[in-house]
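**Q** As you go down the protein sequences, you meet chains A and B in turn. Using our numbering, the first residue of the first sequence is number 159, and each one after it goes up by one. Using our numbering, the first residue of the second sequence is number 25, and each one after it goes up by one. The structure under discussion is supplied below as structure tokens; questions concerning it will follow.
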Amino acid sequence: MSEPILIINNLKKYFPLKRSLKQVLTFKKAGYVKAVDGVTFNVKKGEIFCLVGESGCGKTTTGRLIARLINPTGGEMYFKPKPEILELVPDRYIYKGKYVKLEKLPSNIDKLLRREIQIIFQDPFGSLNPRQTVYSILEEPLLIHGLGKTKDERTEIIYRALTEVKITPPDEFIGRYPHMLSGGQRQRVAIARTLVLRPSMIVADEPVSMLDVSIRAEILQLMLDLKESRQLTYVFITHDLAVAAYLCDRIAVMYLGKIVEIAPTNEIINNPNHPYTKALLAAVPEPDPSNRFKIREIPIIGEVPSAANVPPGCRFHTRCPYAMDICKKKEPDYIEVGTEHYSACWLNAKESKT
Amino acid sequence: MTLLEVRNLKVYYYTFKGVVKAVDEVSFDLKEGEVLGIAGESGCGKSTLAYGIMRLVPPPGKVAGGKIRLAGYDITSMSEDEIRGNIRWKVVSMVFQGAMNALNPVYTVGHQLAEPLIYHKGVPKREALEQASKMLRAVGLTPDILRRYPHELSGGMKQRVVIAMALILNPKLIIADEPTTALDVVIQAQIMNLFKKIKKEYRQSMIFITHDLSLIAEIADKVAIMYGGKIVEYGTSDDIYLRPMHPYTQGLLRSIPRLRGKEKITWIPGVPPDLRRPPPGCRFAPRCPHVMDVCRRKDPKLKEVEPGHYVACWLY
Chain A
159 MSEPILIINN LKKYFPLKRS LKQVLTFKKA GYVKAVDGVT FNVKKGEIFC
209 LVGESGCGKT TTGRLIARLI NPTGGEMYFK PKPEILELVP DRYIYKGKYV
259 KLEKLPSNID KLLRREIQII FQDPFGSLNP RQTVYSILEE PLLIHGLGKT
309 KDERTEIIYR ALTEVKITPP DEFIGRYPHM LSGGQRQRVA IARTLVLRPS
359 MIVADEPVSM LDVSIRAEIL QLMLDLKESR QLTYVFITHD LAVAAYLCDR
409 IAVMYLGKIV EIAPTNEIIN NPNHPYTKAL LAAVPEPDPS NRFKIREIPI
459 IGEVPSAANV PPGCRFHTRC PYAMDICKKK EPDYIEVGTE HYSACWLNAK
509 ESKT
Chain B
25 MTLLEVRNLK VYYYTFKGVV KAVDEVSFDL KEGEVLGIAG ESGCGKSTLA
75 YGIMRLVPPP GKVAGGKIRL AGYDITSMSE DEIRGNIRWK VVSMVFQGAM
125 NALNPVYTVG HQLAEPLIYH KGVPKREALE QASKMLRAVG LTPDILRRYP
175 HELSGGMKQR VVIAMALILN PKLIIADEPT TALDVVIQAQ IMNLFKKIKK
225 EYRQSMIFIT HDLSLIAEIA DKVAIMYGGK IVEYGTSDDI YLRPMHPYTQ
275 GLLRSIPRLR GKEKITWIPG VPPDLRRPPP GCRFAPRCPH VMDVCRRKDP
325 KLKEVEPGHY VACWLY
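Dropping the structure here:
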């Protein structure tokens, strides 16, 4: 539980903006959307690590970077694969005896590592090919990675994965197309698709937000069970703090491409430090009928500014109720405010000086 | 005073593959100044019910039976012209799901806000724009937005404009259909605060439709839980949240993860019924943990179990 399986250091992803004709003619430089702008964290083996934030905060982009669906603009990622995978990696790509730097690798090694980190997408209606049967959806990754030499072996792996995600009996489902499945079943097929490759880590990008409330819990429980039986590590991405609180061991709160606060779940929920985290927590609705008599105090104003035009200094200062002069000029560093609890806010710096 | 009276309402969709009974024998009342929350999973008929009250059921859907009385008008028997001239927007207006698409991208906000005043009330344009700017202030926006186009506004601002539109003719009833689904939590909380303010300051009657029981707790005085086109439980907010009786309501409440408190959440096994061929008897029977023989044969009627608390379940 203690050793990191994934180390992320100052990870960045900038998306270039299109220039207008006028900008091209006047040789103006292209602007960037700084979707992820210097994110640093570790994910420990066997934990559920959560990225929380509003839309546009860069949480999904971070997930896609970890799954290596897109290449980072800067920063490093180190990943510790399973011993049997590590054996196959030549020494020159290995750091500290057990980590592989995720960057441009020769394609055969790259493939091995892609097997280790898999991703579940938000929308099970869009992530499964409507023209493939469940069987061929699950067989494709095996064929690509050359797992399961014979058809029988592959079928066995597929049946096992389907049984694990409780799509039973598998016989009844392998011939079906995605439209013949319910939303919950589709998401379970998407989970089975990651399992057939026996990954060490799964990036789950809002896996339950498109599902009805009554079946959400079922998928969450399934993910918890699989974590135990398959010894998985999750990077769980969600906008819903209640789901994060229920499921995760540690939570990182993101705002405009940066992590503003990172701590064990209990600390984030009961002892939040950053004004943004506090506001997010205050905004979560709860099924308590007495709430109808009170107005919720949401201490922050306005909406998230555009990531193409990030405010200088602390990027939250435009909405922060405690904004001071320094917030507009300098970006705050992370300060340890509790055990494993880091927050990037000038309010803490001021306290420590006095 | 009763503002809205819905009796045995049936809204069916006549598709080639059969009749979808989206709303089937639904009855409820709404008093003036009250907020009714309607909750249920996708496909339970909650939006169709709203369209039925607005007389906006899209084809091939039709109101197949039942009565709706709203502020003394018999909505079900009026002609489309009467509805358009006297009812829709004047008596009942709606905040649609997805504010992003509810506004016309080629007209300014001012034009769209003033339009109902010009057409319904014959107010001169300048005056209409003045009223529109007052309305914008009431929903927490600045009047300079009048000259802006929808794409220049953020999601939360657009949602506020849509709410201003629903309020502009001072209707007796506002129906809000998933008004915050596309918004972030912080903006969602701000919009909910706005609804609370409207409820308090204007004593506005509202029907608030969402799949999220936590949101309904934020605003509703009465709550109706829908399942498979029927209301399965109806009562005050306290009844539903503190003393839920129907197994479906209990299951729904247990499936919501809480921020604090580590109770294990559970789920309701199975899937909602196909409304073309609903199961005989109680529609929840195939998923119900307490199912009995009678549930599979006969459909339970809504029954008053405590004063004001109605449940459709053979257990009671």
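Beta carbons are placed, not taken as given, at the ideal position from N, Cα and C, and that holds for glycine.
Does Val329 of chain B come out as helix, strand or coil in the three-state DSSP assignment?
**A** Here the question's residue 329 of chain B lines up with position 305 in the second sequence. Three-state DSSP puts Val329 of chain B in a strand.
**Q** State the start and end residues of the unbroken beta strand (DSSP E) segment that holds Asp195 of chain A.
**A** One-based indexing of the first sequence puts residue 195 of chain A at position 37. Tyr190 to Lys202 is the extent of the beta strand (DSSP E) around Asp195 of chain A.
**Q** Compare the beta carbon distance of Thr396 of chain A and Ser367 of chain A with 8 Å and say whether it is the shorter of the two.
**A** Here the question's residue 396 of chain A lines up with position 238 in the first sequence. Here the question's residue 367 of chain A lines up with position 209 in the first sequence. It is a contact, given that the beta carbons lie within the stated cut-off.
**Q** To the nearest whole angstrom, what separates the beta carbons of Val210 of chain B and Leu438 of chain A, a pair I think is in contact under 8 Å?
**A** As a position in the second sequence, residue 210 of chain B is number 186, starting the count at 1. As a position in the first sequence, residue 438 of chain A is number 280, starting the count at 1. 7 Å between Cβ atoms; contact.
**Q** Using the rule of at least 16 other Cβ atoms within 10 Å of the residue's Cβ for burial, across every protein chain shown, is Asn217 of chain B buried or exposed?
**A** Here residue 217 of chain B corresponds to residue number 193 of the second sequence, with the count starting at 1. Looking at its Cβ environment, which holds 16 or more other Cβ atoms inside 10 Å, Asn217 of chain B is buried.
**Q** Can you have a look at Lys511 of chain A and say buried or exposed, based on whether 16 or more other CB atoms are within 10 angstroms of its CB?
**A** Working through the first sequence from its first residue, we reach residue 511 of chain A at position 353. Any reading at Lys511 of chain A must be qualified, since the residue scores a pLDDT of 47, below 50, and its modelled position is unreliable; no value is offered.
**Q** Looking at the C-beta of Pro445 of chain A, does it have a partner C-beta in chain E at a distance below 8 Å?
**A** Of the protein chains in the structure, A and B, none is chain E.
**Q** When DSSP labels each residue in this structure, what does Tyr340 of chain B get in the three-state scheme?
**A** Here residue 340 of chain B refers to the residue found at position 316 of the second sequence. Coil at Tyr340 of chain B, not helix or strand.
**Q** If the cut is a Cβ gap below 7 Å, which residues of chain A does Ser66 of chain B touch?
**A** As a working note, residue 66 of chain B is residue 42 in the second sequence. Within 7 Å Cβ-Cβ: Asp370.
**Q** Kindly list, in the order they appear in chain B, the residues whose Cβ is closer than 7 Å to that of Arg344 of chain A.
**A** For the purposes of this step, residue 344 of chain A is taken as the residue at position 186 of the first sequence. Within chain B, no residue comes near Arg344 of chain A; the closest Cβ sits about 12 Å away, beyond 7 Å.
**Q** DSSP has Pro422 of chain A in a bridge; who is on the other side?
**A** Looking up residue 422 of chain A in the first sequence gives position 264. In DSSP, Pro422 of chain A forms a bridge with A:Arg408.
**Q** Of the residues that make up the segment 229-243 of chain B, which ones have a beta carbon closer than 9 Å to any beta carbon in chain A?
**A** So the close ones are His235, Asp236, Leu237, Ser238, Leu239, Ile240, Ala241, Glu242 and Ile243.
**Q** State buried or exposed for Asp249 of chain A, treating a residue as buried only when at least 16 other CB atoms are found within 10 Å of its CB.
**A** Looking up residue 249 of chain A in the first sequence gives position 91. Exposed, since its Cβ has fewer than 16 Cβ neighbours within 10 Å.
**Q** Quick check for students: name the residue ranges of the alpha helix (DSSP H) that lie wholly in the segment 268-296 of chain B, counting only runs of 4 or more.
**A** The qualifying runs are 271-278.
**Q** Suppose the cutoff is 6 Å on Cβ atoms and the five residues either side in sequence are ignored; what does the same chain contact list for His270 of chain B look like?
**A** Here residue 270 of chain B corresponds to residue number 246 of the second sequence, with the count starting at 1. Correct list, in chain order: Val256, Glu257, Val335 and Cys337.
**Q** According to DSSP, what are the bridge partners of Val335 of chain B?
**A** Your numbering for residue 335 of chain B matches position 311 in the second sequence. According to DSSP, which records beta bridges pairwise, Val335 of chain B is partnered with B:Glu257 and B:Lys327.
**Q** Could you confirm whether any beta carbon from chain B is found closer than 8 Å to the beta carbon of Ile453 of chain A?
**A** Locating residue 453 of chain A in the first sequence gives position 295, where the first residue counts as 1. Chain B contact via Cβ: present.
**Q** Assuming contact is defined by CB atoms lying nearer than 8 Å, are Thr352 of chain A and Val201 of chain A in contact in what I supplied?
**A** Residue 352 of chain A sits at position 194 when you count from the first residue of the first sequence. Residue 201 of chain A sits at position 43 when you count from the first residue of the first sequence. No, these two residues do not count as a Cβ contact at 8 Å.
**Q** Are Leu141 of chain B and Ile62 of chain B touching if we call contact CB-CB under 8 Å?
**A** For the purposes of this step, residue 141 of chain B is identified with residue 117 of the second sequence, where counting begins at 1. For the purposes of this step, residue 62 of chain B is identified with residue 38 of the second sequence, where counting begins at 1. No; because the gap between Cβ atoms is not below 8 Å, this pair is not in contact.
**Q** Scan the segment 259-316 of chain A and note each continuous beta strand (DSSP E) run of 3 residues or more that stays entirely inside, going in chain order.
**A** Entirely contained in the segment 259-316 of chain A, the beta strand (DSSP E) runs reaching 3 residues are, in chain order, 275-278.
**Q** Suppose the cutoff is 7 Å on Cβ atoms and the five residues either side in sequence are ignored; what does the same chain contact list for Ser285 of chain A look like?
**A** For the purposes of this step, residue 285 of chain A is taken as the residue at position 127 of the first sequence. Contacts found: Phe279 and Ala348.
**Q** Spatial neighbours of Ile409 of chain A within its chain, please: C-beta separation below 6 Å, excluding the five flanking residues on both sides.
**A** Taking the first sequence and counting its residues from 1, the one referred to as residue 409 of chain A is at position 251. Cβ neighbours of Ile409 of chain A beyond the five flanking positions: Cys208, Val210, Ala402, Thr423 and Ile426.
**Q** Given a threshold of 16 other Cβ atoms within 10 Å of its Cβ, counted over all protein chains shown, does Thr166 of chain B qualify as buried or as exposed?
**A** Indexing the second sequence from 1 puts residue 166 of chain B at position 142. Counting Cβ neighbours within 10 Å, Thr166 of chain B comes out exposed, since fewer than 16 surround it.
**Q** Mind pulling the chain B residues with CB within less than 7 Å of Tyr404 of chain A?
**A** Stepping through the first sequence from its first residue, residue 404 of chain A is reached at position 246. Ordered by position in chain B, the residues that pass the 7 Å Cβ test against Tyr404 of chain A are Pro281 and Ile289.
**Q** Determine the burial state of Met338 of chain A: buried for a count of at least 16 other Cβ atoms within 10 Å of its Cβ, exposed for fewer.
**A** For the purposes of this step, residue 338 of chain A is taken as residue 180 along the first sequence, with counting starting at 1. Per the 10 Å Cβ criterion, exposed.
**Q** Do the segment 36-48 of chain B and the segment 236-253 of chain B meet, that is, are 3 or more Cβ pairs less than 8 Å apart?
**A** Segments in contact, yes.
**Q** Rounded to a whole number of angstroms, what is the C-alpha to C-alpha distance between Tyr131 of chain B and Ser66 of chain B?
**A** For the purposes of this step, residue 131 of chain B is taken as the residue at position 107 of the second sequence. For the purposes of this step, residue 66 of chain B is taken as the residue at position 42 of the second sequence. Rounded to whole angstroms, Tyr131 of chain B to Ser66 of chain B spans 32 Å at the Cα level.
**Q** So what does Pro162 of chain A bridge to, in DSSP terms?
**A** Translated into positions along the first sequence, residue 162 of chain A becomes position 4. According to DSSP, Pro162 of chain A bridges with A:Lys202.
**Q** Suppose the cutoff is 7 Å on Cβ atoms and the five residues either side in sequence are ignored; what does the same chain contact list for Gly342 of chain A look like?
**A** On the first sequence, residue 342 of chain A is found 184 positions in, with the first residue counted as 1. The residues are Leu369, Ile373, Glu376 and Ile377.
**Q** Just reading off the beta strand (DSSP E) that Ser51 of chain B is part of, what are its end residues?
**A** Taking the second sequence and counting its residues from 1, the one referred to as residue 51 of chain B is at position 27. Counting along the chain, the beta strand (DSSP E) containing Ser51 of chain B begins and ends at Gly42 to Lys55.
**Q** What does Met250 of chain B reach in chain A if we use C-beta pairs closer than 7 Å?
**A** Sequence index remark: in the second sequence, residue 250 of chain B carries index 226 (1-based). Within 7 Å Cβ-Cβ: nothing; Met250 of chain B doesn't reach chain A, min ~13 Å.
**Q** Using 10 angstroms around the beta-carbon of Gln136 of chain B, count the other beta-carbons present and answer buried if the total reaches 16, otherwise exposed.
**A** Numbered from its first residue, the second sequence carries residue 136 of chain B at position 112. Buried.
**Q** In this structure, how does DSSP classify Ala225 of chain A when only helix, strand and coil are distinguished?
**A** Looking up residue 225 of chain A in the first sequence gives position 67. Here Ala225 of chain A sits in coil by DSSP.
**Q** Of the choices B:Lys86, B:Met102, B:Asp53 and B:Gln183, whose alpha-carbon is the least far from that of Thr260 of chain B?
**A** On the second sequence, position 236 is the one that residue 260 of chain B refers to. Selected option, being the one with the closest Cα: B:Asp53.
**Q** Which residues in chain A sit within 8 Å of Met216 of chain B, going by Cβ to Cβ distance?
**A** Here residue 216 of chain B refers to the residue found at position 192 of the second sequence. Going along chain A in sequence order, the residues near Met216 of chain B (Cβ under 8 Å) are Pro443 and Arg454.
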